[in-house]
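A.B. asks: Protein chains in written order, with the numbering used here: chain A, -1 to 365; chain B, 28 to 299; chain C, 109 to 392. Where a beta carbon is used, it is the ideal one built from N, C-alpha and C, also for glycine. Note that this is a predicted model, so its numbers are computed, not measured.
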Amino acid sequence: MAALDKPFGTKRSFDPGGMRLSGDRTHRARRMSFVLVAALALTFLVSLGWGAADDADVIRALLAKFGWADASVRDVVILWDIRMPRAVIGALVGASLAVSGAIMQGLFRNPLADPGLVGVSAGAGFGAVAAIVLGGLLPLSLQSVFGFYLVPFAAFLGGWLSTILLYLIATQNGRTSVATMLLAGIALGALTGAMTGLIVYHADDDQLRDLTFWSMGSIAGATWPKVWTAAPLIGLTLCAAPFMARALNALALGEASAQHLGISVQRMKNIAILTVAGSVGASVAVTGGIGFVGIVVPHLLRLVQGPDHRGLLVNSALLGAILLLIADCVSRTVIAPAELPIGIITAVIGGPFFLWILLKNRKLVDL
Amino acid sequence: MSLLQATAIEVSYGARPTLDGVDFSAKAGELTAIVGPNGSGKTTLLRAMTGELAYEGRVRMNGEDCAEVSVQELAMRRAVLPQASRLAFPFTVLEVVRLGLTAGMGSDRLEDREYLPQEALCRVGLSGFEGRMFQELSGGEKQRVQLARVLVQIWQPVWQGEPRWLLLDEPVSALDIGHQMVVMQIAKDYAAAGGGVVAVMHDLNLTAMFADSVALLDRGRLVKQGTPREVFTTDILRETYACPVQMNTAPAGNVPWLLPQSVVMPEQAAAE
Amino acid sequence: MMRLFSFMAACAIAGSVQAESYPESSAIVSVGGPITEIIYALGAEDRLVARDTTSVFPPAANALPDVGYMRKLSAEGVLSVSPDLIVARATSGPPEALEQLAASSVPVVLVEDQFTKEAVAASVLTVGEAIGETEKAEALAGQISSDFAALDADLAAVAGKKRVMFVLSMDGGRLNAAGAGTGANGIITLAGAENVFADQFQSYKLVDAEAVIKAAPEVIIMMTGRGDHTLKAQQLWGIPAVALTPAGQAKALHHVPGAALGFGPRTATFARDLHDALYAQAAE
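Rendered as structure tokens:
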């Protein structure tokens, strides 16, 4: 009880002696970041060097782009117009999904929360289905403006709009209730599901096939225009994420306590929900639905480095990118020359993992 | 003006008023307790003052209207200990206490910040608990970790020439008597060092021992605010708590000491 | 119970000439585009009471009530037109609906789908047997066989098969191409060309961009239909991998009608049209 006598002064009663405090896990996050950066670089290179056209001289093609070597047009196209945008989209989408998952889990204070909770996936699915089935009814001039990008654009719009709608429903007197948002999300999901079903009912044979492939998700068809359209939205979230870390940590204590710690909780929610809706919407738009990355990646990292969001968000982005690049390599090669949609691979890995988390943390599932 | 002042506070859930025009004030340098029977509005008053609940009326801290001060500014000047400890993710004790540094102004000297969490843990008697998982602690330990976090947030009781405020919602409810004394003594010391402390209390004897001022609430109204000796009288307490009490004086410190008597149920009284 | 057996029997022998015969039937439901075409070709259209969504040829068929999409039949919907015979492609579904139909008092004759010229003749005979028009069916089958023989004779004159990729869809820049066991593969083979993915995979699959480059198709075939053709062509040549192929450099794109993918009485004509289109392009 000697401590009782001390004043609340700033005199130190400890000599830290340069020792690391027990309970301090920041060094683990830092070490993990180094490992992940190296691993990401490696996976990125592997996905550039690995493909069905294995005879392409990748290094020469890489140099040729800058005029440092001569390479065949074919090799340059394979590297720069096929593999490169695909790897970039894979890394961006993986990072976006994992970071968005970590942010949503922090915001909803639930390790099982998913970006889909803010209504993005359901809305995006509806948008895509509507575009696939009803897109042909648009005037030709509009069709030529959108080209391939009609479906991605509609998916993004659908995801974004449904998030805004949910957000408006859950916000009253300037306060957003995450519980309301969650429940309204289920209702809205059922509703868009029904409308999607109605449209699907009118789809013909090949539209149905398009729908099936879209819903399973794939990075196939990645092009530079897709990179340029998705990158700003995803980049925004990736850049904003580190600034949300402190707030998300404080939110672990509950909204009231976070507010008392100096966090503008409502502003935080606005930023988090809107950026996540944007980047997940963009991800779903370019690749279709890819499940479980947003849940598995942050959870895995929490086991290793603790839940501190300052390290968690950055490392989630890195690990998400790595996992999606690996999954994409598998998707391209396992049944080559055909492709297994990447959503199947992440679901096959993620589904059982998700169940395992669920069974291990039954008590954490209480809302 | 080193006061925490709430004037004409009204809070209602639905049509029923929970607080009905309560005036309350606390002085810096004192420990002010809010007491009252269950449902009298103690915690509601505290939550109105912290801004957690929407209210009518005004809350002023050191002369400034709290509604007009930004969240960040408020966090530098006051800290709030919640009643229940919730934590969403498996943080360690050290990580939880460090959350108190979020507003970043525990101490003027930046280099102190690194050691504040340890100081605070030592203060609440939890040295050596840094590496433990918060979620695995007992209820009383959790409450003390939260107190350490709150202390870290406003470690210096007087900052930039103004007192800082420690608002505690039933700080000793989950503690054994030894730790009740530790926590109450910390609150008392904080006030003695120039800070202001407002605590919602349940235990009237503990309140009498430590509080400089007591506000007694009943059914959403302030019954009386004054020193424990002024407020804790046989008549007032019997009226408010519907329970006869015998007032004594504790030998040490000359504070009131009360002993609740067996309750006479209304129908029994009528029968007699 | 007997009906279930007869359904299983129908499954087992469908496609062979020993199919059950119901010459007395006067209220036939036809499920599948080719089946409807055959029934019209056999002159039995006045015995039809309903068709499925895929039966759109000849145009007169559109006037019949539609019982739904062939893979998503509802037993009750089919029975609501009170048929006394159901002739359906073997790939119709769902199986539960077929089982329910078989369990009702209505005979179901399943006609096997295969994408070969022999199968076309066989399905004509099966349908003919089922509706009791055996003679006309034999004549039609003979006609079809001789059309194919004539086509084969022309094919023999062509040296070197064209390498063809059939693209079912390319939404979002993802190519969905035909492998073995598809109508597209069948018609390409009949037209004397070679499907580049025939020995790589079954059915329609998403294909890897680099695999397309490697497969090096000389011509790309798509289905006539949805959307604007010039627009679709622009989109197709805009895909980097496609642009690299011989087809992409020559901008060799050809469309086939959707009906060409379901094998029926017109298949020989479709195959000849495709053959002419493919090799005329080469001649230019």
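When the Cα atoms are used, what is the spatial distance from A115/B to R107/A?
C.D. replies: The sequence position of residue 115/B within the second sequence is 88, counting from 1. The sequence position of residue 107/A within the first sequence is 109, counting from 1. Straight-line Cα distance between these residues: approximately 5 Å.
A.B. asks: Using a Cβ cut-off of 7 Å, pull out every chain B residue sitting near H258/A, in sequence order please.
C.D. replies: Mapped onto the first sequence, residue 258/A falls at position 260. Within chain B, the residues near H258/A are T77, A102, A106 and V107.
A.B. asks: Mapping the DSSP letters down to three states, classify H229/B as helix, strand or coil.
C.D. replies: On the second sequence, position 202 is the one that residue 229/B refers to. Reduced to three states, the DSSP call for H229/B is coil.
A.B. asks: Can you grab the Cα-Cα spacing for the pair I143/C / S253/C, in whole Å?
C.D. replies: Position 35 of the third sequence, counted from the first residue, corresponds to residue 143/C. Position 145 of the third sequence, counted from the first residue, corresponds to residue 253/C. If I take the Cα positions, the gap works out to 17 Å.
A.B. asks: With which residues is H71/C paired in a DSSP beta bridge?
C.D. replies: Summary: the structure shown does not reach residue 71/C, with chain C confined to residues 109 through 392, and so no result is reported for it.
A.B. asks: Express the C-alpha separation of E145/C and R197/C in angstroms, rounding to a whole number.
C.D. replies: Here residue 197/C refers to the residue found at position 89 of the third sequence. Here residue 145/C refers to the residue found at position 37 of the third sequence. Distance between the alpha carbons of R197/C and E145/C is about 12 Å.
A.B. asks: Any beta carbon of chain A sitting closer than 7 Å to that of D279/C?
C.D. replies: What you label residue 279/C is simply residue 171 of the third sequence in a count that begins at 1. So yes, D279/C belongs to the interface.
A.B. asks: Starting from the beta carbon of D22/A, find every residue of chain B whose beta carbon is closer than 9 Å, and list them in chain order.
C.D. replies: Here residue 22/A refers to the residue found at position 24 of the first sequence. Neighbours of D22/A on chain B, chain order: T119, L121, E122, R125, E157 and G158.
A.B. asks: For the stretch 192 to 210 of chain B, list every residue whose C-beta sits within 8 Å of some C-beta in chain A, in sequence order.
C.D. replies: So the close ones are V209.
A.B. asks: Which of helix, strand or coil does DSSP assign to P109/B?
C.D. replies: In the second sequence, the residue the question calls residue 109/B occupies position 82. Residue state, collapsed to three classes: coil.
A.B. asks: With 16 other CB atoms within 10 Å as the buried threshold, where does G333/C fall?
C.D. replies: As a working note, residue 333/C is residue 225 in the third sequence. G333/C comes out exposed.
A.B. asks: Classify I347/A as helix, strand or coil using the three-state DSSP reduction.
C.D. replies: For the purposes of this step, residue 347/A is taken as residue 349 along the first sequence, with counting starting at 1. I347/A falls in the helix class under three-state DSSP.
A.B. asks: If I measure Cβ to Cβ from G281/C and keep anything under 6 Å in the same chain, skipping five residues before and after, which residues do I get?
C.D. replies: As a working note, residue 281/C is residue 173 in the third sequence. For G281/C, where only same-chain residues beyond five positions count, the Cβ hits under 6 Å are I347.
A.B. asks: Which residues in the same chain have their Cβ closer than 6 Å to the Cβ of A201/B, if we skip the five residues on either side of it in sequence?
C.D. replies: Within the second sequence, residue 201/B is the residue found at index 174, counting from 1. So the qualifying residues of the chain are G166, G167 and Q170.
A.B. asks: Taking all protein chains shown into account, do 16 or more other C-beta atoms lie within 10 angstroms of the C-beta of D112/A, making it buried, or fewer, making it exposed?
C.D. replies: One-based indexing of the first sequence puts residue 112/A at position 114. Buried: at least 16 other Cβ atoms inside 10 Å.
A.B. asks: For T316/C, which of helix, strand or coil comes out of DSSP?
C.D. replies: Looking up residue 316/C in the third sequence gives position 208. The question names Thr, but residue 316/C in the sequence shown is Asp. Residue state, collapsed to three classes: coil.
A.B. asks: Give me the DSSP bridge partner(s) of N303/C.
C.D. replies: For the purposes of this step, residue 303/C is identified with residue 195 of the third sequence, where counting begins at 1. N303/C pairs with V272/C.
A.B. asks: Could you give the residue range of the beta strand (DSSP E) that holds W182/B?
C.D. replies: Taking the first residue of the second sequence as position 1, residue 182/B is located at position 155. From DSSP, W182/B is part of no beta strand (DSSP E); its letter is neither H nor E.
A.B. asks: Can you find at least 3 beta carbon pairs, one from the stretch 41 to 48 of chain B and one from the stretch 67 to 81 of chain B, that sit closer than 8 Å?
C.D. replies: Touching, yes, given that three or more Cβ pairs across the two stretches are closer than 8 Å.
A.B. asks: Is it right to say F241/A is buried, meaning 16 or more other beta carbons lie within 10 angstroms of its own, or is it exposed?
C.D. replies: Here residue 241/A is taken as the residue at index 243 of the first sequence, counted from 1. The residue is exposed, with fewer than 16 neighbouring Cβ atoms inside 10 Å.
A.B. asks: In this structure, does DSSP put V195/C in helix, strand or coil?
C.D. replies: Counting from one through the third sequence, the residue named residue 195/C turns up at place 87. In the structure shown, V195/C sits in a strand (DSSP, three-state: E or B).
A.B. asks: What do you get for V417/A, buried or exposed, if any count of 16 or more other CB atoms within 10 angstroms of its CB means buried?
C.D. replies: Absent from the structure is residue 417/A, since the part of chain A shown begins at -1 and ends at 365.
A.B. asks: Let's see if you can read the secondary structure: which residues bound the alpha helix (DSSP H) around Y148/C?
C.D. replies: Position 40 of the third sequence, counting from 1, holds the residue named residue 148/C. G141 to A149 is the span of the alpha helix (DSSP H), which, as asked, contains Y148/C.
A.B. asks: Using a threshold of 7 Å, state whether the C-beta atoms of L108/B and Q173/B are closer than that.
C.D. replies: Residue 108/B sits at position 81 when you count from the first residue of the second sequence. Residue 173/B sits at position 146 when you count from the first residue of the second sequence. In this structure, Q173/B lies closer than 7 Å to L108/B by Cβ.
A.B. asks: Do V157/C and V186/C have their CB atoms nearer than 7 Å?
C.D. replies: Translated into the one-based positions of the third sequence, residue 157/C becomes position 49. Translated into the one-based positions of the third sequence, residue 186/C becomes position 78. In this structure, V186/C does not lie closer than 7 Å to V157/C by Cβ.
A.B. asks: Along the chain, where does the alpha helix (DSSP H) that runs through L236/A open and close?
C.D. replies: As a first step, residue 236/A must be located in the first sequence, where it is residue number 238. L236/A -> alpha helix (DSSP H) spans W222 to L249.
A.B. asks: Let me check one thing: in DSSP terms, what residues is N284/C bridge-paired to?
C.D. replies: In the third sequence, counting from the first residue as 1, residue 284/C sits at position 176. DSSP lists S277/C and L314/C as partners of N284/C.
A.B. asks: Let me see if you follow: with CB-CB separation under 7 Å, is R43/B close to chain A or not?
C.D. replies: Within the second sequence, the letter at position 16 stands for residue 43/B. Judged by the 7 Å Cβ criterion, R43/B is not in contact with chain A.
A.B. asks: Where do the ends of the alpha helix (DSSP H) carrying I333/A lie?
C.D. replies: If you number the first sequence from 1, residue 333/A lands on position 335. Premise fails: I333/A is in no alpha helix (DSSP H) and is neither H nor E.
A.B. asks: Any C-beta of chain A sitting closer than 7 Å to the C-beta of Q99/B?
C.D. replies: Locating residue 99/B in the second sequence gives position 72, counting from the first residue. Yes, because at least one Cβ of chain A sits closer than 7 Å to the Cβ of Q99/B.
A.B. asks: Round the Cβ separation of A245/C and L150/C to the nearest angstrom and send it over; I've been treating them as touching at under 8 Å.
C.D. replies: As a position in the third sequence, residue 245/C is number 137, starting the count at 1. As a position in the third sequence, residue 150/C is number 42, starting the count at 1. Yes, A245/C and L150/C are in contact; Cβ-Cβ is about 6 Å, under 8 Å.
A.B. asks: I197/A by DSSP, collapsed to three states: which one?
C.D. replies: Within the first sequence, the letter at position 199 stands for residue 197/A. I197/A falls in the helix class under three-state DSSP.
A.B. asks: Look at the alpha carbon of V123/B and the alpha carbon of F144/A, and state the distance between them as a whole number of angstroms.
C.D. replies: On the second sequence, residue 123/B is found 96 positions in, with the first residue counted as 1. On the first sequence, residue 144/A is found 146 positions in, with the first residue counted as 1. For V123/B and F144/A, the distance between alpha carbons rounds to 50 Å.
A.B. asks: Please work out which residues of its chain come closer than 8 Å, Cβ to Cβ, to A214/B, disregarding the five sequence neighbours upstream and downstream, and give them in chain order.
C.D. replies: Residue numbering aside, residue 214/B sits at position 187 when the second sequence is read from its first letter. Hits under 8 Å: L58, L193, L195, P198, V224, A226 and F237.
A.B. asks: Please compile the residues from chain A whose C-beta is within a distance smaller than 9 Å of the C-beta of T129/B.
C.D. replies: Along the second sequence, one-based indexing puts residue 129/B at 102. Those are R244, A245, N247, A248, A256, L259, G260 and I261, listed as they occur along chain A.
A.B. asks: Start and end of the beta strand (DSSP E) containing Q32/B?
C.D. replies: Here residue 32/B is taken as the residue at index 5 of the second sequence, counted from 1. L30 to Y40 is the extent of the beta strand (DSSP E) around Q32/B.
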